[in-house]
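In my numbering, the protein residues as written are 7 to 378. Positions of the beta carbon are idealized from the N, C-alpha and C atoms, including for glycine.
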């Protein structure tokens, strides 16, 4: 049995950390913590005010916000940043958070290091401006108009329910207090008011519901109805002759629809439509004409009266015509002249200044009769 004489091998021993090495690691970790803390300390909180009145013509960051920072010098530096010129005397300017962020970025402020808080919007008054104690600030005209529209809508709805579905036209003029109350109200309803015939000057009691309570006010209103106009009771095709049963009256609130509208059925009965008219449509004066007595290409009887002689001939119509219209006609010899429509497929050649051509119906000599 032989003895193994190979030398035994082992791993080199791991040197133990010295106390100096451990101290170095601790110091490195402390430096990292201190650097992070310094980063936090260097940042500031910029708390926006609700209102401000700068002392100088130029608005600074310190005017619009309170600045909290551990470093007093940093807080002063931030507060001294100029933003924009202040508003003119008697005017106000508003600044929101997004606008402030854009202004600070343009001036090289790193917003990552700071935090914005406080109001979402700052109202900036003119430098040195003082409040006028003479009375309440008048409401903007747009606010008053919106309040009046709410009242007019409420009164019109009340009249539709009380006096019948009609296109009621209401005009109101609110006091400043009434307009302010209605502008702040969540709901406006008419409780009572108005008397027959429901038009003219009327009084209405309104209930205005706000977040706190329900207030009652009395308003004066001028109420009227638009005039009745004639509308088509049924759909009328083109070239239809209008009969009494085709028409009815209706009140139309729209001013544009009432323009050129016909107010009397007698102006339409017996007339002919120039285009199709749907039922319920306001019939305008230009939508009708006298019925066509002559159609294009029809053979017409042409009459000419000269002294005691009446000449009769024929011609072909070159255009449509109603009673009294002056239309172009063509003789069998292809000569054109003008004649006035006097009846169904009948025309008469005008004499004197009314004639619009020197042509004369040559074939007129074929039929001559004497007027006794």
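Go ahead and label residue i buried or exposed: buried means 16 or more other beta carbons lie within 10 angstroms of its beta carbon, across all protein chains shown.
i, result
"residue 203", "exposed"
"residue 155", "exposed"
"residue 339", "exposed"
"residue 90", "exposed"
"residue 210", "buried"
"residue 266", "exposed"
"residue 312", "exposed"
"residue 102", "exposed"
"residue 319", "buried"
"residue 315", "exposed"
"residue 92", "buried"
"residue 57", "exposed"
"residue 185", "buried"
"residue 219", "exposed"
"residue 78", "exposed"
Can you check DSSP and say which residues form a bridge with residue i?
i, result
"residue 345", "333"
"residue 74", "51"
"residue 108", "In the DSSP output, where bridge partners are listed per residue, residue 108 has none listed."
"residue 102", "127"
"residue 319", "308"
"residue 282", "None; residue 282 has no bridge partner."
"residue 223", "212"
"residue 234", "257"
"residue 354", "309, 346"
"residue 177", "228"
In this structure, does DSSP put residue i in helix, strand or coil?
i, result
"residue 289", "coil"
"residue 1", "It is not possible to answer for residue 1, since the shown part of the chain is limited to 7 through 378."
"residue 44", "Its pLDDT being 47, under 50, residue 44 is placed unreliably by the model, and the measurement read from it follows with that caveat. Here residue 44 sits in helix by DSSP."
"residue 83", "helix"
"residue 69", "helix"
"residue 306", "strand"
"residue 459", "There is simply no residue 459 to check, as the chain begins at 7 and stops at 378 in what is shown."
"residue 245", "coil"
"residue 62", "coil"
"residue 189", "helix"
"residue 275", "coil"
"residue 39", "Any reading at residue 39 must be qualified, since the residue scores a pLDDT of 46, below 50, and its modelled position is unreliable; the value itself is stated next. Helix at residue 39."
"residue 153", "helix"
"residue 184", "helix"
"residue 56", "coil"
"residue 114", "coil"
"residue 164", "helix"
"residue 327", "strand"
"residue 88", "strand"
"residue 206", "strand"
"residue 239", "coil"
"residue 147", "helix"
Give me the Cα-Cα distance between residue i and residue j, rounded to the nearest whole angstrom.
i, j, result
"residue 299", "residue 326", "8 Å"
"residue 168", "residue 244", "41 Å"
"residue 59", "residue 73", "17 Å"
"residue 304", "residue 351", "7 Å"
"residue 217", "residue 188", "12 Å"
"residue 241", "residue 148", "43 Å"
"residue 183", "residue 145", "9 Å"
"residue 297", "residue 152", "50 Å"
"residue 191", "residue 82", "45 Å"
"residue 197", "residue 206", "19 Å"
"residue 225", "residue 180", "7 Å"
"residue 223", "residue 97", "33 Å"
"residue 131", "residue 88", "16 Å"
"residue 162", "residue 201", "14 Å"
"residue 310", "residue 238", "41 Å"
"residue 287", "residue 253", "10 Å"
"residue 349", "residue 177", "53 Å"
"residue 215", "residue 221", "6 Å"
"residue 109", "residue 231", "56 Å"
"residue 99", "residue 84", "21 Å"
"residue 381", "residue 158", "In this structure the chain extends from 7 to 378, so residue 381 is not present and cannot be described."
"residue 302", "residue 292", "21 Å"
"residue 306", "residue 175", "54 Å"
"residue 61", "residue 199", "55 Å"
"residue 107", "residue 64", "18 Å"
"residue 275", "residue 343", "32 Å"
"residue 114", "residue 104", "16 Å"
"residue 126", "residue 51", "15 Å"
Which whole-angstrom value describes the C-beta separation of residue i and residue j, a residue pair presumed to lie in contact below a C-beta threshold of 8 Å?
i, j, result
"residue 271", "residue 250", "7 Å"
"residue 336", "residue 346", "Actually they are not in contact, since the Cβ atoms of residue 336 and residue 346 sit about 16 Å apart, beyond 8 Å."
"residue 68", "residue 119", "Not a contact, Cβ separation roughly 18 Å."
"residue 165", "residue 122", "About 53 Å separates the two Cβ atoms, so there is no contact after all."
"residue 356", "residue 258", "Rounded, the Cβ-Cβ distance is 42 Å, inconsistent with contact."
"residue 236", "residue 268", "5 Å"
"residue 334", "residue 341", "At roughly 11 Å, the Cβ-Cβ gap does not stay under 8 Å, so residue 334 and residue 341 are not in contact."
"residue 195", "residue 212", "7 Å"
"residue 234", "residue 256", "7 Å"
"residue 273", "residue 247", "The Cβ separation is near 14 Å, so there is no contact."
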